[in-house]
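Colleague:
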Amino acid sequence: MKVFLQLLKMRILSVFKGTGKKDKYTKNIGFKIFIGIVVAYAALCFVGMFGFYFMQLAKNFVEQEVGFAYFSMVAVVMVAIGFVTTVFAAQSQIFEAKDNDLLTAMPIPPRYILLTRVITLLIVELAESLVLGIEAMLIYKIFAPVPVGGAIMMVVEIIGLNMITASISAIFGLVLAAITNRMRRKNIVKTIATIGMSALFFFLISEMESRINSMLSMDGVFIEMDEAMKKEMLPLFYFGKAAAEGDFKSFIIFMLMAVAVFVMMIFLLSPFFLKITSTNKGGVRKKYRPEKNVEREVKKALLYKERRRFFTNASYMLNTAIGLIVFFVAGVAVLIFREKVFDSIITMSYLKNHIGAYVLLISLFFCAINVISAPSISLEGENLWICKAMPVEPFDILMAKVKNHIYICMPIVIFFGIAANIALPISPAIRAAVVIIPALSVVLMGLLGVICNLHMPKFDWADESIAVKQSMAVIATMGIGFSVVIGAAVLYGLLRFIPYADYLYTFLMTGIFALAISLMYRYLRKGGSQRFTEL
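Here it is in structure tokens:
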């Protein structure tokens, strides 16, 4: 047990500790206040995304006198969000961690190693689940009282729910590791398999939601939903009963189920963990073919290095460019199902006359969640000295990371803007804005990500997914990106009653973005380059 606790302590510290290097930037009180504001703002955005959804759910379920179903739906949301948060990291942090060979060579039971890694995923997931759970309880209290016992039980149940989610993520990680262990193009397969399995998982989640909603339309809804959920969604039923009614029996049953799932997962995966981590990963033999070395100009070589790192790291791709997938799917959907998309927008009366602005804000939001450049310096890790030792200007190294972000994001963002112009009735000024402003946002986010990473690097990671997912630079970049979306929405709201508002809005937004880009570019050339040499 002492070995297990020491291993767990080391694993948690490796995930949550900083760079271990305190300099004049990180010691500065103003810098710490800024980080606190960014984190608080990111948390506020996270809470706000689900607040309106929970509000509508609570109203409907309380009116039907099935409060337990509301908390069951909240549990579904938490499982879905937790799965997205951990599934991409499960394979790399559990089955492909750099220290696996070292730990398995020691007299440590494999289940101890596996358990510490899964617990780490659980802890990361727990923070966001608690935020969602507390928010859900506060919203429910607006419409109906929440028993004190029920609130306490729900907090504990969230831990049990995360145990189930972490178990599912670990199983998915095992499947991905087994599939890609000896493949030649494993990153492509890993990306496709991850997206496919995630789509399947969310299909099942949406089916659960549809099933619960369909029960609300039945006569005798309480009896029907009560019995149906017992048969089809037993863990969710007991979760909701304990939270809404303070039912201690339901609480005990749910926690026993959660612990049983977690324990079974550990014992079932332990033999596979040792087998996968000890497998020779030599891959498929490749026949040697003599080829000429390709000579590249310095800037092109730096860009090639950044692009290669991005496209050969599935965790990097899926965690920093998920918005591009949404952009592409949305662009295709707008072209193919233009009438359905238009009808769904105009059903919201407050958007009927502002379709262009709505599309623009959606574009800016998805630009904000593409943060390819934000962890790019941290990913250099222990090889940072090589970059600094090269006879290359620091500015060129930094701009290669910015250009990589721009070249990857720009084509898909422009494709979505053109698709929206073709399919939707938008005013001429906003037609231009839907293409130009998101394109400027791509450049802005590329520069912003590198600047944030310069001031908030994380080099002491044990696995690359930690630098990608748990870096303050990523959180800060995304938080500032969200603030840009809110600022754009507020500006449009202030201008919409002025004559030629669309033209004025497009002009102002273009000017603001251009000014911000020029200032960031100037900083990277001077102060940013100096900061890079000090890392």
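Per the working numbering, the sequence shown starts with residue 67, numbered consecutively.
Using N, Cα and C, we set each Cβ at its ideal position, and we do this for glycine too.
I need the DSSP call for residue 379, collapsed to helix, strand or coil.
Modeller: As a working mapping, residue 379 is identified with position 313 in the sequence shown. Here residue 379 sits in coil by DSSP.
Colleague: Do you know offhand how far residue 579's Cα is from residue 460's?
Modeller: Taking the sequence shown and counting its residues from 1, the one referred to as residue 579 is at position 513. Taking the sequence shown and counting its residues from 1, the one referred to as residue 460 is at position 394. Rounded to whole angstroms, residue 579 to residue 460 spans 25 Å at the Cα level.
Colleague: Could you round the C-beta distance between residue 439 and residue 470 to whole angstroms and report it? I think they count as a contact, below 8 Å.
Modeller: If you number the sequence shown from 1, residue 439 lands on position 373. If you number the sequence shown from 1, residue 470 lands on position 404. Their Cβ separation, rounded to whole angstroms, is 7 Å, which keeps residue 439 and residue 470 in contact under 8 Å.
Colleague: Near residue 441, which residues of its chain fall below 6 Å by C-beta distance, leaving aside the five closest residues on each side in sequence?
Modeller: As a working note, residue 441 is residue 375 in the sequence shown. Cβ within range, chain order: 533, 534, 537 and 540.
Colleague: Looking only at C-alpha atoms, which of 564, 574, 542 and 145 sits nearest to residue 106?
Modeller: The residue given as residue 106 occupies position 40 in the sequence shown. Comparing Cα positions, the closest option is 542.
Colleague: Ordered along the chain, which non-local residues of its own chain (more than five positions away) have a Cβ less than 6 Å from that of residue 431?
Modeller: Locating residue 431 in the sequence shown gives position 365, counting from the first residue. For residue 431, where only same-chain residues beyond five positions count, the Cβ hits under 6 Å are 551.
Colleague: Inspect the CB distances between the stretch 130–142 and the stretch 509–519 and report whether three or more fall short of 8 Å.
Modeller: Too few Cβ pairs lie closer than 8 Å, so no.
Colleague: By alpha-carbon positions, which one of 365, 477, 546 and 200 ends up nearest to residue 214?
Modeller: As a working mapping, residue 214 is identified with position 148 in the sequence shown. Selected option, being the one with the closest Cα: 200.
Colleague: Could you check which residue in 372, 314, 477 and 403 has the C-alpha nearest to that of residue 463?
Modeller: Looking up residue 463 in the sequence shown gives position 397. Among 372, 314, 477 and 403, the Cα nearest to that of residue 463 belongs to 372.
Colleague: Ends of the alpha helix (DSSP H) at residue 160?
Modeller: Along the sequence shown, one-based indexing puts residue 160 at 94. Careful: residue 160 lies outside any alpha helix (DSSP H) and carries neither H nor E.
Colleague: Considering Cα atoms alone, identify which of 388, 576 and 242 is closest to residue 505.
Modeller: Within the sequence shown, residue 505 is the residue found at index 439, counting from 1. With distances taken between Cα atoms, residue 505 lies closest to 576.
Colleague: Should the stretch 212–230 be called in touch with the stretch 307–320, which here means at least 3 C-beta pairs below 8 Å?
Modeller: Taking 8 Å as the limit for Cβ pairs, the verdict is that the stretch 307–320 does touch the stretch 212–230.
Colleague: Span of the alpha helix (DSSP H) holding residue 387?
Modeller: In the sequence shown, the residue the question calls residue 387 occupies position 321. Note, residue 387: premise wrong, no alpha helix (DSSP H); not H, not E.
Colleague: Quick check on the DSSP output: the alpha helix (DSSP H) that includes residue 194 runs from which residue to which?
Modeller: Stepping through the sequence shown from its first residue, residue 194 is reached at position 128. Segment 176–209, the alpha helix (DSSP H) holding residue 194.
Colleague: Measuring only the C-alpha atoms, how far is residue 68 from residue 380?
Modeller: Taking the sequence shown and counting its residues from 1, the one referred to as residue 68 is at position 2. Taking the sequence shown and counting its residues from 1, the one referred to as residue 380 is at position 314. In a straight line, the C-alpha of residue 68 is about 35 Å away from that of residue 380.
Colleague: Apart from the five residues just before and just after residue 392, which ones in its own chain have a Cβ nearer than 7 Å to its Cβ?
Modeller: Within the sequence shown, residue 392 is the residue found at index 326, counting from 1. Excluding residues within five positions, the ones whose Cβ falls inside 7 Å are 432.
Colleague: Evaluate contact between the stretch 479–492 and the stretch 551–561, counting only Cβ atoms and requiring at least three cross-stretch pairs below 8 Å.
Modeller: No contact exists between the stretch 479–492 and the stretch 551–561.
Colleague: Measure the C-alpha to C-alpha separation of residue 223 and residue 321 and round it to an integer number of angstroms.
Modeller: If you number the sequence shown from 1, residue 223 lands on position 157. If you number the sequence shown from 1, residue 321 lands on position 255. Spanning the two alpha carbons is a distance of roughly 7 Å.
Colleague: Please report how far the alpha carbon of residue 132 lies from the alpha carbon of residue 304, in whole angstroms.
Modeller: Counting from 1 along the sequence shown, the entry for residue 132 is found at position 66. Counting from 1 along the sequence shown, the entry for residue 304 is found at position 238. Answer to the nearest angstrom: the Cα atoms are 13 Å apart.
Colleague: Looking only at its own chain, which residues have a Cβ that is under 6 Å from the Cβ of residue 571, when we skip the five neighbours before and after it?
Modeller: Here residue 571 is taken as the residue at index 505 of the sequence shown, counted from 1. Around residue 571: 558 and 561.
Colleague: Starting from residue 472, follow the alpha helix (DSSP H) in both directions and report where the run begins and ends.
Modeller: The residue labelled residue 472 in the question sits at position 406 within the sequence shown. Run containing residue 472: 460–489, per the alpha helix (DSSP H) assignment.
Colleague: Please classify residue 601: does DSSP put it in a helix, a strand, or coil?
Modeller: By 1-based counting over the sequence shown, the position of residue 601 is 535. Coil.
Colleague: When the distance is taken between beta carbons, is residue 180 closer than 8 Å to residue 225?
Modeller: Here the question's residue 225 lines up with position 159 in the sequence shown. Here the question's residue 180 lines up with position 114 in the sequence shown. Not closer than 8 Å, so no.
Colleague: Going along the chain, which residues of its own chain have a beta-carbon closer than 6 Å to the beta-carbon of residue 425, five neighbours each way excluded?
Modeller: Residue numbering aside, residue 425 sits at position 359 when the sequence shown is read from its first letter. Counting only Cβ-Cβ distances below 6 Å, and skipping sequence neighbours, we find 486 and 500.
Colleague: Can residue 182 and residue 176 be called in contact, C-beta distance under 8 Å?
Modeller: One-based indexing of the sequence shown puts residue 182 at position 116. One-based indexing of the sequence shown puts residue 176 at position 110. Going by C-beta atoms, residue 182 is not nearer than 8 Å to residue 176.
Colleague: Using alpha carbons as the reference points, say which of 493, 467 and 473 lies closest to residue 390.
Modeller: Reading the sequence shown from its first residue, position 324 is the one you call residue 390. Closest by alpha carbon: 473.
Colleague: Comparing C-alpha positions only, which one of 178, 136, 95 and 144 sits nearest to residue 72?
Modeller: Indexing the sequence shown from 1 puts residue 72 at position 6. Residue 178 is the option with its Cα nearest to residue 72.
Colleague: What do you get for residue 122, buried or exposed, if any count of 16 or more other CB atoms within 10 angstroms of its CB means buried?
Modeller: Taking the sequence shown and counting its residues from 1, the one referred to as residue 122 is at position 56. Exposed, by the Cβ-count rule.
Colleague: I'd like to check one pair, residue 184 with residue 232: are the Cβ atoms closer than 8 Å?
Modeller: Indexing the sequence shown from 1 puts residue 232 at position 166. Indexing the sequence shown from 1 puts residue 184 at position 118. Cβ distance < 8 Å, so residue 232 and residue 184 count as in contact.
Colleague: Please name the residue, chosen from 494, 116 and 378, that lies closest to residue 195 on a Cα-to-Cα basis.
Modeller: On the sequence shown, position 129 is the one that residue 195 refers to. The option with the nearest alpha carbon to residue 195 is 116.
Colleague: Would you decide whether residue 395 is buried or exposed? Buried here means 16 or more other CB atoms lie within 10 Å of its CB.
Modeller: As a first step, residue 395 must be located in the sequence shown, where it is residue number 329. Exposed: under 16 other Cβ atoms inside 10 Å.
Colleague: Entirely within the stretch 511–536 and at least 4 residues each: give me those alpha helix (DSSP H) ranges in chain order.
Modeller: As far as the stretch 511–536 is concerned, its whole alpha helix (DSSP H) runs of at least 4 residues are 530–535.
Colleague: Would a C-beta distance cut-off of 8 Å place residue 437 and residue 553 closer than the cut-off?
Modeller: Counting from 1 along the sequence shown, the entry for residue 437 is found at position 371. Counting from 1 along the sequence shown, the entry for residue 553 is found at position 487. Their beta carbons are not under 8 Å apart, which means residue 437 does not touch residue 553 by this criterion.
Colleague: Specify the secondary structure class of residue 497 as computed by DSSP and reduced to three states.
Modeller: Taking the first residue of the sequence shown as position 1, residue 497 is located at position 431. Correct three-state label for residue 497: helix.
Colleague: Which residue comes first and which comes last in the alpha helix (DSSP H) that contains residue 429?
Modeller: For the purposes of this step, residue 429 is taken as the residue at position 363 of the sequence shown. 421–434 is the extent of the alpha helix (DSSP H) around residue 429.
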